[in-house]
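Engineer:
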Amino acid sequence: MTARVRVEFAWPAHNAVRVGDETYFCLERDGVVHVLASRCPHRGGPLHLGRVEGGRLRCPWHGNAFRLDRLCERGVPAVRTGDRITAYVPAAPEPEDLPIPVRQMVLAQEEPVDVGV
Amino acid sequence: MTSAPVRSGIPETGEWTSRFATAPPYRPVSTPTVGRTPYRRPLDAERIAALRGDEPLTEERTGSDEALLAHRLLMNIYESDTLFLPEEGMAARQQDFEAFYDPATRLAADIAKPAVERYVFSFLDRSVQVTGAWDLESVEAHVTAAIDEAVHAESPVLRAIDESADPVRATETMVAQMALDGLTEATAMSQNLGGAYGPEQSELFKIFVDEFGYGVFDAKHSTLFAELCRSIGMTPTAHHYWFFYLPTWMTSNNYFYYVTRNRLGFFRYVGAMTLLEATFAPWFAAMSRRLKAVYGDGVDTRYCDEHAHIDQHHGRMAVRDLLLPIARKHGPAAMRELVRGIEDTKVLGRLADADLVAQMTWHPVAVAGGDRPPTGAPVRPGQDFDTRVAAADERLTVLSGQVELHHSPTGDPLTVPAGSSVVVPRGRLFGVRADRDSVVATTSSAG
Ligand code: FES
Ligand SMILES: [Fe+2]
Ligand SMILES: [Fe+2]
Chain G
0 MTARVRVEFA
10 WPAHNAVRVG
20 DETYFCLERD
30 GVVHVLASRC
40 PHRGGPLHLG
50 RVEGGRLRCP
60 WHGNAFRLDR
70 LCERGVPAVR
80 TGDRITAYVP
90 AAPEPEDLPI
100 PVRQMVLAQE
110 EPVDVGV
Chain X
0 MTSAPVRSGI
10 PETGEWTSRF
20 ATAPPYRPVS
30 TPTVGRTPYR
40 RPLDAERIAA
50 LRGDEPLTEE
60 RTGSDEALLA
70 HRLLMNIYES
80 DTLFLPEEGM
90 AARQQDFEAF
100 YDPATRLAAD
110 IAKPAVERYV
120 FSFLDRSVQV
130 TGAWDLESVE
140 AHVTAAIDEA
150 VHAESPVLRA
160 IDESADPVRA
170 TETMVAQMAL
180 DGLTEATAMS
190 QNLGGAYGPE
200 QSELFKIFVD
210 EFGYGVFDAK
220 HSTLFAELCR
230 SIGMTPTAHH
240 YWFFYLPTWM
250 TSNNYFYYVT
260 RNRLGFFRYV
270 GAMTLLEATF
280 APWFAAMSRR
290 LKAVYGDGVD
300 TRYCDEHAHI
310 DQHHGRMAVR
320 DLLLPIARKH
330 GPAAMRELVR
340 GIEDTKVLGR
350 LADADLVAQM
360 TWHPVAVAGG
370 DRPPTGAPVR
380 PGQDFDTRVA
390 AADERLTVLS
400 GQVELHHSPT
410 GDPLTVPAGS
420 SVVVPRGRLF
430 GVRADRDSVV
440 ATTSSAG
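Chains as they are written, first to last, in numbering that gives the first Met the number 0: chain G, 0 to 116; chain X, 0 to 446.
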């Protein structure tokens, strides 16, 4: 079982979380915000910089496209109420690497959202 | 019974809603409290017919007049499928009994129900979003954090009682809301005792063994609640204070019927019940202290004291023996629903607290003089009584006669004589009554 760490952040002021070398990013589908692992299953490319095309997320590295419904199904356990998101991200190998909420300038989006500051 | 199609409220089923709401048990009464019978629960069929069912309530409108009407309707839909017998026996109530459980009315209730539920509860699908692949560790972490947060939060309701200029009225306004399930035997929460679902069913039963007083009537939680009511001079008949239930408190109570009458809601129900059971103990301990501070030694706090004690166990039992085993056995889809129930409860609790605090801290005052609107509506002695929620800040000006403004289940109403007015803030629940022919103008109170 994955060891997990709880992280809370205000969305959309923050739209991603870093834990050690990993990034988890928010993706809004039909008004619902999912928290997804950015590491591409192919060779680890940054899915959070990918493009959403017809229900799939295309990785910017080698162009593989992954079905969004499946990515969301396997997403990070998360709860959103209002602008608050609580997520349980996999812990980093170094326990002192705690999750840090961040704001990505460029982010894969199914629906345009006002990221605002 | 209406047979013409009604252009009403809850689409698809408007006619059925109307058939139900106009049935004898739901006819109006002229008094601010309802007689000592489980079978009278007044509904205003006309206002219900005006609901825009195609526009479900948003979270912002859970305390609105529309929510009030829809939740009264829904509570009656649910509870007409629940057994109530009159305390004094059936002899004088046979007709009411038959009317309350009339199969044609029940059929209308069952047909109307899904659309009414959608109208009042679909906001939760937007307010609470649970996503991702949950596992046992994340569920356990989440339920632990939710409980921790809840038991350490200060209750705004109890603080409002502490700070109230009229603590007795404030407390009784709260007790009247608690009576929603306190006097109906936690019926809404006990819908899943039947069925066949393994060891967890037995664990749930253990919790209810306490709730039901181990088969000893005097030890039942509802008996203890009735004794609390009696000791402070309140009437311990279910729904006696019908007109003073706040929409958000009916929301919380109806929620438990909503997630249990439809068995698809089972996991959500377990999440919701677990969070409540796990947070009741400190809340009831604090309430017991408040009750003694407000009423002195005469108040019977056993209802609170019992929960302050037993819910320490129920909380642990609900998490360890019910929620986590269910999560383990039924997997990620169930886990998501368990978490959703926890989150629903947090949202509903926050809305109910805010609504109740606003009602408790409203102390209406009649002011003489001021503008005199040219026309008003008659208020006659003995006419149907009802309460409603102000859609905006409203000024009621009494043009002639004299009216009583009812704004709490107990305590004197405010007398407003001719030539005076009173402001009802947006969102507040009130009713108007007169003992002589009167005329009241309702205007926006802006400025
Ligand atoms: S790393 Fe994503 S497609 Fe190759
Ligand atoms: Fe109880
Ligand atoms: Fe309990």
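Glycine is no exception: its CB is placed at the ideal position from the N, C-alpha and C atoms.
Bear in mind that the values here come from a model prediction, so they are computed numbers and not experimental data.
Tell me which residue opens and which closes the beta strand (DSSP E) that Gln447 of chain X is part of.
Structural biologist: Coverage of chain X is limited to positions 0 through 446, which leaves residue 447 of chain X absent and any answer about it impossible.
Engineer: Cβ closer than 8 angstroms: which chain X residues qualify as neighbours of Thr80 of chain G?
Structural biologist: Taking the first residue of the first sequence as 1, we reach residue 80 of chain G at position 81. Simply Ser126, Val127, Gln128, Glu342, Lys345, Val346.
Engineer: Quick one: does the C-beta of Glu210 of chain X sit closer than 8 angstroms to a heavy atom of ligand 4?
Structural biologist: Ligands displayed in this structure: ligand 1, ligand 2 and ligand 3; ligand 4 is not among them.
Engineer: Lys219 of chain X to Arg40 of chain X, Cα distance in whole Å?
Structural biologist: As a working note, residue 219 of chain X is residue 220 in the second sequence. As a working note, residue 40 of chain X is residue 41 in the second sequence. For Lys219 of chain X and Arg40 of chain X, the distance between alpha carbons rounds to 25 angstroms.
Engineer: What are the start and end residues of each continuous beta strand (DSSP E) run of 3 or more residues lying completely inside the segment 38-73 of chain X, in chain order?
Structural biologist: Entirely contained in the segment 38-73 of chain X, not one beta strand (DSSP E) run reaches 3 residues.
Engineer: Report whether the distance from the Cβ of Met304 of chain X to the nearest heavy atom of ligand 2 is below 8 angstroms.
Structural biologist: Locating residue 304 of chain X in the second sequence gives position 305, counting from the first residue. First, the residue type needs correcting, since residue 304 of chain X is Asp and not Met in the sequence shown. It does not: the Cβ of Asp304 of chain X is nowhere closer than 8 angstroms to a heavy atom of ligand 2.
Engineer: Is it true that the segment 12-32 of chain X meets the segment 95-113 of chain X, where meeting means three or more beta-carbon pairs spaced less than 8 angstroms apart?
Structural biologist: At 8 angstroms Cβ cutoff, the stretches touch.
Engineer: I want to see whether chain X comes within less than 9 angstroms of Phe8 of chain G, judged by CB atoms only; does it?
Structural biologist: Position 9 of the first sequence, counting from 1, holds the residue named residue 8 of chain G. Chain X, which has no Cβ nearer than 9 angstroms to the Cβ of Phe8 of chain G, makes this no.
Engineer: Ser221 of chain X: buried (16+ other C-beta within 10 angstroms of its C-beta) or exposed?
Structural biologist: Working through the second sequence from its first residue, we reach residue 221 of chain X at position 222. Flag for Ser221 of chain X reads buried.
Engineer: For Pro373 of chain X, report the span of its beta strand (DSSP E) as first-last.
Structural biologist: One-based indexing of the second sequence puts residue 373 of chain X at position 374. Neither: Pro373 of chain X is in no beta strand (DSSP E) and is coded neither H nor E.
Engineer: Quick check: is the beta carbon of Glu136 of chain X nearer than 9 angstroms to any beta carbon in chain G?
Structural biologist: Against the second sequence, residue 136 of chain X aligns to sequence position 137. At least one chain G Cβ lies under 9 angstroms of Glu136 of chain X.
Engineer: Determine the chain X residues that contact Glu72 of chain G at a beta-carbon separation under 7 angstroms, and present them in chain order.
Structural biologist: Numbered from 1 along the first sequence, position 73 holds the residue referred to as residue 72 of chain G. Ala132, listed in chain order.
Engineer: Is it the case that the CB of His151 of chain X approaches a heavy atom of ligand 3 more closely than 8 angstroms?
Structural biologist: Position 152 of the second sequence, counting from 1, holds the residue named residue 151 of chain X. No, the beta carbon of His151 of chain X sits no closer than 8 angstroms to any heavy atom of ligand 3.
Engineer: Any heavy atom of ligand 2 closer than 8 angstroms to the beta-carbon of Ala185 of chain X?
Structural biologist: For the purposes of this step, residue 185 of chain X is taken as the residue at position 186 of the second sequence. Yes, the Cβ of Ala185 of chain X comes within 8 angstroms of a heavy atom of ligand 2.
Engineer: Would you please state the rounded distance, in angstroms, between the beta carbons of Phe99 of chain X and Ala237 of chain X? I believe it to be under 8 angstroms.
Structural biologist: Reading the second sequence from its first residue, position 100 is the one you call residue 99 of chain X. Reading the second sequence from its first residue, position 238 is the one you call residue 237 of chain X. Actually they do not touch by this definition, with Cβ atoms about 12 angstroms apart.
Engineer: Looking only at its own chain, which residues have a Cβ that is under 8 angstroms from the Cβ of Ala77 of chain G, when we skip the five neighbours before and after it?
Structural biologist: Position 78 of the first sequence, counted from the start, is the residue given in the question as residue 77 of chain G. The residues are Val32, His33, Val34, Ile84, Thr85, Ala86, Tyr87.
Engineer: Does ligand 3 have a heavy atom nearer than 8 angstroms to the CB of His313 of chain X?
Structural biologist: For the purposes of this step, residue 313 of chain X is taken as the residue at position 314 of the second sequence. True, at least one ligand heavy atom lies under 8 angstroms from that Cβ.
Engineer: Any C-beta of chain X sitting closer than 9 angstroms to the C-beta of Thr22 of chain G?
Structural biologist: Position 23 of the first sequence, counting from 1, holds the residue named residue 22 of chain G. No, because no Cβ of chain X sits closer than 9 angstroms to the Cβ of Thr22 of chain G.
Engineer: Can you tell me whether Met104 of chain G is buried or exposed? The criterion is at least 16 other CB atoms within 10 Å of its CB, across all chains shown.
Structural biologist: As a working note, residue 104 of chain G is residue 105 in the first sequence. That one is exposed.
Engineer: What are the boundary residues of the beta strand (DSSP E) that includes Pro92 of chain G?
Structural biologist: As a position in the first sequence, residue 92 of chain G is number 93, starting the count at 1. Per DSSP, Pro92 of chain G belongs to no beta strand (DSSP E) and is neither H nor E.
Engineer: Just to confirm the assignment, what range does the alpha helix (DSSP H) spanning Gln200 of chain X have?
Structural biologist: Position 201 of the second sequence, counting from 1, holds the residue named residue 200 of chain X. Per DSSP, Gln200 of chain X belongs to the alpha helix (DSSP H) from 198-210.
Engineer: Three-state secondary structure (DSSP) at Pro45 of chain G?
Structural biologist: Counting from one through the first sequence, the residue named residue 45 of chain G turns up at place 46. DSSP places Pro45 of chain G in strand when its eight states are reduced to three.
Engineer: Please list, in chain order, all residues with a C-beta atom less than 5 angstroms from at least one heavy atom of ligand 1.
Structural biologist: Taking each Cβ in turn, the ones that pass are G:Cys39, G:His41, G:Arg42, G:Gly44, G:Cys58, G:Trp60, G:His61, G:Asn63.
Engineer: Only counting the same chain, and skipping five residues up and downstream in sequence, which positions put a Cβ closer than 7 angstroms to that of Glu199 of chain X?
Structural biologist: Locating residue 199 of chain X in the second sequence gives position 200, counting from the first residue. If we look at Glu199 of chain X and ignore the five residues flanking it on each side, its Cβ neighbours are Leu321, Pro324, Ile325.
Engineer: Residues of chain X with CB closer than 9 angstroms to the CB of Arg5 of chain G, please, in chain order.
Structural biologist: Here the question's residue 5 of chain G lines up with position 6 in the first sequence. What Arg5 of chain G touches in chain X: Ser137, Ala140, His141, Ala144.
Engineer: Contact between the segment 348-366 of chain X and the segment 299-307 of chain X is defined here as three or more beta-carbon pairs at a separation below 8 angstroms; is this criterion met?
Structural biologist: No, the segment 348-366 of chain X does not touch the segment 299-307 of chain X.
Engineer: Classify His450 of chain X as buried or exposed, calling it buried when 16 or more other Cβ atoms lie within 10 Å of its own Cβ.
Structural biologist: For chain X, the structure presents residues 0 to 446; residue 450 of chain X sits outside this window and is missing.
Engineer: For Gly368 of chain X, is the classification buried or exposed, using 16 other Cβ atoms within 10 angstroms of its Cβ as the cut-off for buried?
Structural biologist: In the second sequence, residue 368 of chain X corresponds to position 369, counting from 1. Exposed, because fewer than 16 other Cβ atoms sit within 10 Å of the Cβ of Gly368 of chain X.
Engineer: In terms of residue numbering, what span does the beta strand (DSSP E) encompassing Ala195 of chain X cover?
Structural biologist: As a first step, residue 195 of chain X must be located in the second sequence, where it is residue number 196. Ala195 of chain X -> no beta strand (DSSP E), and no H or E assigned at all.
Engineer: Under DSSP, the beta strand (DSSP E) around Leu413 of chain X begins and ends at which residues?
Structural biologist: In the second sequence, counting from the first residue as 1, residue 413 of chain X sits at position 414. Taken as a continuous stretch (DSSP letters only), the beta strand (DSSP E) holding Leu413 of chain X covers 413-416.
Engineer: What does Val318 of chain X touch in chain G if you count any residue whose Cβ is under 8 angstroms from its own?
Structural biologist: Start at 1 with the first residue of the second sequence, and residue 318 of chain X comes out as number 319. Those within 8 angstroms of Val318 of chain X in chain G number zero; the least Cβ separation is about 17 angstroms.
Engineer: Along the segment 265-282 of chain X, where does the CB come closer than 7 angstroms to a CB of chain G? Name the residues.
Structural biologist: Within the segment 265-282 of chain X, no residue has a Cβ that lies closer than 7 angstroms to any Cβ of chain G.
Engineer: Listed from N- to C-terminal order along the chain, which residues in the segment 326-338 of chain X have their beta-carbon within a distance smaller than 7 angstroms of any beta-carbon of chain G?
Structural biologist: Against chain G - using a Cβ distance shorter than 7 angstroms - the residues of the segment 326-338 of chain X are Val338.
Engineer: Are at least three pairs of beta-carbons, each pair with one atom in the segment 387-404 of chain X and one in the segment 336-352 of chain X, less than 8 angstroms apart?
Structural biologist: No, the segment 387-404 of chain X does not touch the segment 336-352 of chain X.
Engineer: Between which two residues does the beta strand (DSSP E) containing Val99 of chain G stretch?
Structural biologist: As a first step, residue 99 of chain G must be located in the first sequence, where it is residue number 100. Rather than Val, the amino acid found at residue 99 of chain G in this sequence is Ile. First-last of the beta strand (DSSP E) with Ile99 of chain G: 99-101.
Engineer: When the Cα atoms are used, what is the spatial distance from Ser2 of chain X to Asn75 of chain X?
Structural biologist: For the purposes of this step, residue 2 of chain X is taken as the residue at position 3 of the second sequence. For the purposes of this step, residue 75 of chain X is taken as the residue at position 76 of the second sequence. Caution is warranted here: a pLDDT of 42 is assigned to Ser2 of chain X, below 50, making its placement in the model unreliable, and the coordinate value is therefore given only provisionally. Answer to the nearest angstrom: the Cα atoms are 21 angstroms apart.
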